[in-house]
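Trainee:
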Amino acid sequence: MIKMQELRKDFTVRVKAGRLRREKRTVAAVDGVSLTVEPGEMVGYIGPNGAGKSTTLKMLTGVLAPTSGEVSVFGLTPVPQRTRLALRIGVVFGQRSQLWWDLPLHESFRLLRHIYRVPPAEHEARLRRCRELLDLDGFLDTPVRQLSLGQRMRGEITAALLHGPKVLFLDEPTIGLDVVSKQAVRSFLAELGASGDMTLVLTTHDLADIERLCDRLVVIDHGRVVHDGTIEALHARYGSRRSLVVDLDEPLPPGFALPGASMGAVEADGHRVTFALDGSSAGAAVAGLVAVASVRDLSVVEPDIEDVVARLYQAG
Amino acid sequence: MGDLRIYAALAGGKWRSMLSYRASFAAEMLSNLGATVLDVTTVFVLFRATATVGGFTLAEAILMTGLTALGFVLADMTVGNIDDLKRYVRTGLLDTMLIRPLPVLPQLVFTDLPLRKLLRVAFGAAVYTLALAANHIHWTPARVLLAVLTPLGAALFFGAIFVLTASFAFWWVESGEIGNGFTYGGRDFTSYPITVYSNWFRDLFAYALGFGFVAYQPALALLGRTDPLGLPAWAGFVSPLVALPAVAIATLVWRTGIRRYRSTGS
Ligand SMILES: Nc1ncnc2c1ncn2[C@@H]1O[C@H](COP(=O)(O)OP(=O)(O)OP(=O)(O)O)[C@@H](O)[C@H]1O
Ligand SMILES: [Mg+2]
Numbered sequence: 001m002i003k004m005q006e007l008r009k010d011f012t013v014r015v016k017a018g019r020l021r022r023e024k025r026t027v028a029a030v031d032g033v034s035l036t037v038e039p040g041e042m043v044g045y046i047g048p049n050g051a052g053k054s055t056t057l058k059m060l061t062g063v064l065a066p067t068s069g070e071v072s073v074f075g076l077t078p079v080p081q082r083t084r085l086a087l088r089i090g091v092v093f094g095q096r097s098q099l100w101w102d103l104p105l106h107e108s109f110r111l112l113r114h115i116y117r118v119p120p121a122e123h124e125a126r127l128r129r130c131r132e133l134l135d136l137d138g139f140l141d142t143p144v145r146q147l148s149l150g151q152r153m154r155g156e157i158t159a160a161l162l163h164g165p166k167v168l169f170l171d172e173p174t175i176g177l178d179v180v181s182k183q184a185v186r187s188f189l190a191e192l193g194a195s196g197d198m199t200l201v202l203t204t205h206d207l208a209d210i211e212r213l214c215d216r217l218v219v220i221d222h223g224r225v226v227h228d229g230t231i232e233a234l235h236a237r238y239g240s241r242r243s244l245v246v247d248l249d250e251p252l253p254p255g256f257a258l259p260g261a262s263m264g265a266v267e268a269d270g271h272r273v274t275f276a277l278d279g280s281s282a283g284a285a286v287a288g289l290v291a292v293a294s295v296r297d298l299s300v301v302e303p304d305i306e307d308v309v310a311r312l313y314q315a316g
Numbered sequence: 001m002g003d004l005r006i007y008a009a010l011a012g013g014k015w016r017s018m019l020s021y022r023a024s025f026a027a028e029m030l031s032n033l034g035a036t037v038l039d040v041t042t043v044f045v046l047f048r049a050t051a052t053v054g055g056f057t058l059a060e061a062i063l064m065t066g067l068t069a070l071g072f073v074l075a076d077m078t079v080g081n082i083d084d085l086k087r088y089v090r091t092g093l094l095d096t097m098l099i100r101p102l103p104v105l106p107q108l109v110f111t112d113l114p115l116r117k118l119l120r121v122a123f124g125a126a127v128y129t130l131a132l133a134a135n136h137i138h139w140t141p142a143r144v145l146l147a148v149l150t151p152l153g154a155a156l157f158f159g160a161i162f163v164l165t166a167s168f169a170f171w172w173v174e175s176g177e178i179g180n181g182f183t184y185g186g187r188d189f190t191s192y193p194i195t196v197y198s199n200w201f202r203d204l205f206a207y208a209l210g211f212g213f214v215a216y217q218p219a220l221a222l223l224g225r226t227d228p229l230g231l232p233a234w235a236g237f238v239s240p241l242v243a244l245p246a247v248a249i250a251t252l253v254w255r256t257g258i259r260r261y262r263s264t265g266s
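See the structure below:
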């Protein structure tokens, strides 16, 4: 579905060197990315600011010509076959509106129907679905310039879907949204993905988006892929584990050990103990504990993806 | 052509957006007309001082001015909107046109319906028609054809210049008004008989860049005058063809430019 082979994009920038002289400097925004995305995959594409995420998406959508390397979507080469590709993909740039600024939202949708030559019945059906799921009805008649960011983003996502694309590229679709709007966007995208035939590539700085939506996580830094796999694989690689925190009536007997778990912090004079689970299930660990001690309370703490990713960015 | 319907819909959208700023629309229409009227009156003022300019009478000179004005406003009305390109390039807004299943140039150019420029076209056409009447032209079928084709050729030529100079923005984001300086300079050049300009300047603009074939040369052919600068009589009759290489070059530059587009960080 999507293939990138040693994809690269250099930007030459002129920087001041001395009073009048200007020097050319080359920045490798994307520095040899090779990735394949299969139909139906939901890929989270993350990385620190300036990592090259947006630049990659622009090369995938035909906005930017690569400096070198190969890229294809649906077997089409984005820049030379841009207009054919455009009919089959949906694009949302969170930072840049594609709607008609001075027209009511529904007018933008009507114009898009013409641009993509969507038969009226199909258009109606898709629009109806978006109106229900994204709750658009309250502001369909409002000029786009008067919409709130969250309302507009829901409009943008609808606009990207009205021609029924099977591949959707989203560059920071949740940027600047409040918790409720984020949830709305996420569950809508999750529903799209659940149908199984929608391929989705999404960049974000909110890792909750990824946890909720993506089974595959690609991390880039300085234009290079530094991780490609599931979130679990990322945790495994960086040794982050779930942990079990127990409150006990009495401290554990000296020399106590749980199979498949290692003892971490001991607090409150031995009344609170944290175990890192590396192999054992939470259930087995609890069973092992109640056999020797009286457990007053317990909680299982999921590893924090933010921490892992922060460590990953710092390593780069 | 299904595409035409798309652009008509887009133009309609633009039109409705504009109606939300109704007052500025009227003001723009008037200032637009004012600019063209001023161009023509400049020629009259010039002839107040002398009876002939560069060997041409007022009526003859007005024929060139009228041709230029009509060709230019036609081009301005259809593709003048491309002047916006530099803003789209600088802000990276061109991204949103590149993800649409339509070529970028018509998206930029045909999605505006500059009715505010219609008054100018009417004015240009009036000046041209009056100049044709005032010059006692000896009409032949070839001259009739030339009289019709010349403004169209001029429009194509100026259209090409509009596209060409706007494309500078792909190489030089801060191109500002330099492109416009060239476009409007070219228009002013062809508004007068080119015999008034000094040699090297005339050679460059009239012959190397082709502006001499927009109005001057065809006007000679219409008037039946021999060229004081020595080109044969048939040169005037084929002049409208100069639009073709101009369009070809503009297309090439545009295509090269758009591949250089680099968006902005986001
Ligand atoms: N049009 C441009 N001209 C010059 N340099 C650019 C341009 N666009 C991007 N860059 C540079 O390329 C690099 C990658 O930028 P990009 O916008 O792809 O980052 P990103 O991963 O999307 O970052 P963010 O999370 O901040 O959006 C940055 O160093 C940026 O400065
Ligand atoms: Mg970005």
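So the protein sequences, as listed, match chains A and B. Position one of the first sequence corresponds to residue 1 (the UniProt record's numbering), numbered consecutively onward. Position one of the second sequence corresponds to residue 1 (the UniProt record's numbering), numbered consecutively onward. Even for Gly, the Cβ is constructed at its ideal location relative to N, Cα and C. Owing to the predicted nature of the structure, the values given are computational and were not obtained by experimental measurement.
#1: Can you give me the Cβ contacts of residue 331/A inside the same chain, cut-off strictly under 7 Å, excluding the 5 residues immediately before and after it?
#2: Might you give, ordered along the chain, the residues of its own chain that have their beta carbon closer than 8 Å to the beta carbon of P104/A, omitting 5 neighbours on each side?
#3: Under a CB-based cut-off of 8 Å, is H114/A close to chain B?
#4: Can you list the residues of chain B that E64/A reaches, using a CB-CB cut of under 8 Å?
#5: Counting only Cβ-Cβ distances shorter than 7 Å, please list the residues of the stretch 34-65 of chain A near chain B, keeping chain order.
#6: If I measure Cβ to Cβ from V242/B and keep anything under 8 Å in the same chain, skipping five residues before and after, which residues do I get?
#7: Going by DSSP in three states, R224/A sits in which element: helix, strand or coil?
#8: Pick from A51/B, L229/B and T68/B: whose alpha carbon is nearest that of A126/B?
#9: Near L12/B, which residues of its chain fall below 7 Å by C-beta distance, leaving aside the five closest residues on each side in sequence?
#10: If the criterion is Cβ atoms closer than 8 Å, does the pair P39/A and G62/A meet it?
#11: Kindly list, in the order they appear in chain A, the residues whose Cβ is closer than 7 Å to that of T96/B.
#12: Can you give me the C-alpha to C-alpha distance between E132/A and T36/B, rounded to a whole angstrom?
#13: Let's test the definition: count the other Cβ atoms within 10 Å of the Cβ of T183/B and tell me whether it reaches 16, buried, or not, exposed.
#14: Identify which residue in V201/A, A29/A and L289/A has its Cα closest to the Cα of residue 331/A.
#15: Any beta carbon from chain A within less than 8 Å of A155/B's own beta carbon?
#16: Taking a cut-off of 6 Å, which residues have a beta-carbon closer than that to any heavy atom of ligand 1, in chain order?
#17: Could you name the residues of chain B that R82/A contacts, counting a contact when the two beta carbons are closer than 8 Å?
#18: Indicate whether at least one CB of chain B lies closer than 8 Å to the CB of L103/A.
#19: Closer than 9 Å by beta-carbon distance: list the chain B residues that pair up with F93/A, in chain order.
#20: Measuring from the CB of L203/A, is there a heavy atom of ligand 2 at a distance below 7 Å?
#21: Given that L127/A touches chain B, what residues does it touch there, using C-beta distances under 8 Å?
#22: For V73/B, collect the residues of the same chain with a Cβ closer than 6 Å to its Cβ; drop the 5 residues on either side in sequence, then sort them by chain order.
#23: If you draw a straight line from the C-alpha of Q217/B to the C-alpha of P106/B, how long is it?
#24: Out of curiosity, what's the CA-to-CA distance linking K24/A and T12/A?
#25: Report buried or exposed for G196/A, applying the criterion of at least 16 other Cβ atoms within 10 angstroms of its Cβ.
#26: Run through chain B and tell me which residues come within less than 8 Å of V11/A, C-beta to C-beta.
#27: Please compile the residues from chain B whose C-beta is within a distance smaller than 9 Å of the C-beta of A86/A.
#28: Should E172/A be listed as close to ligand 2, given that the test is whether its C-beta is under 7 Å from any heavy atom?
#29: Can you check which of these residues, R152/A, H163/A, P165/A and L85/A, is closest to T174/A by C-alpha distance?
#30: Go to D31/A, then tell me how far its beta strand (DSSP E) extends in each direction, as first and last residue.
#31: Measuring alpha carbon to alpha carbon, tell me which of S175/B, S266/B, F168/B and A208/B ends up nearest V253/B.
#32: Could you check what DSSP says for E211/A in three-state terms: helix, strand or coil?
#33: Mind checking who V13/A pairs with in its DSSP beta bridge?
#34: Are any of the Cβ atoms in chain A nearer than 8 Å to that of R187/B?
#35: Pull up the DSSP beta-bridge partners for Y45/A, would you.
#36: Does the Cβ-Cβ distance between V43/A and L7/A come in under 8 Å?
Mentor: According to the structure shown:
#1: The structure shown does not extend to residue 331/A, since chain A is modelled only from 1 through 316, so no value can be given for it.
#2: L140, D141, T142, P143 and V144
#3: yes
#4: It should be pointed out that residue 64/A corresponds to Leu in this sequence rather than to Glu. What L64/A touches in chain B: Y261, R262 and S263.
#5: S54, K58, T61, G62, V63, L64 and A65
#6: G153, F157, G210, F213 and V214
#7: strand
#8: T68/B
#9: The sequence given here has Gly at residue 12/B, not Leu. Contacts found: none.
#10: no
#11: R96 and Q98
#12: 53 Å
#13: buried
#14: Past the edges of chain A, shown from 1 to 316, lies residue 331/A, and the structure says nothing about it.
#15: no
#16: F11/A, V13/A, V27/A, A29/A, G47/A, N49/A, G50/A, A51/A, G52/A, K53/A, S54/A, T55/A, R262/B, S263/B, T264/B, G265/B and S266/B
#17: L98
#18: yes
#19: D95, T96, I99 and S266
#20: Note that residue 203/A is Thr in the sequence shown here, rather than Leu. For ligand 2, at least one heavy atom lies less than 7 Å from the Cβ of T203/A.
#21: None at all; the shortest Cβ gap to chain B is about 16 Å.
#22: R120, V121 and G124
#23: 31 Å
#24: 6 Å
#25: exposed
#26: A small fix is needed here, since residue 11/A is Phe in this sequence, not Val. The answer, in chain order, is R262.
#27: L98, I99, R100, P101 and L102
#28: yes
#29: R152/A
#30: R22 to V37
#31: F168/B
#32: helix
#33: In the DSSP output, where bridge partners are listed per residue, V13/A has R25/A.
#34: It does not: the Cβ of R187/B has no partner Cβ on chain A nearer than 8 Å.
#35: Answer by DSSP bridge pairing, in chain order: T203/A and V218/A.
#36: no
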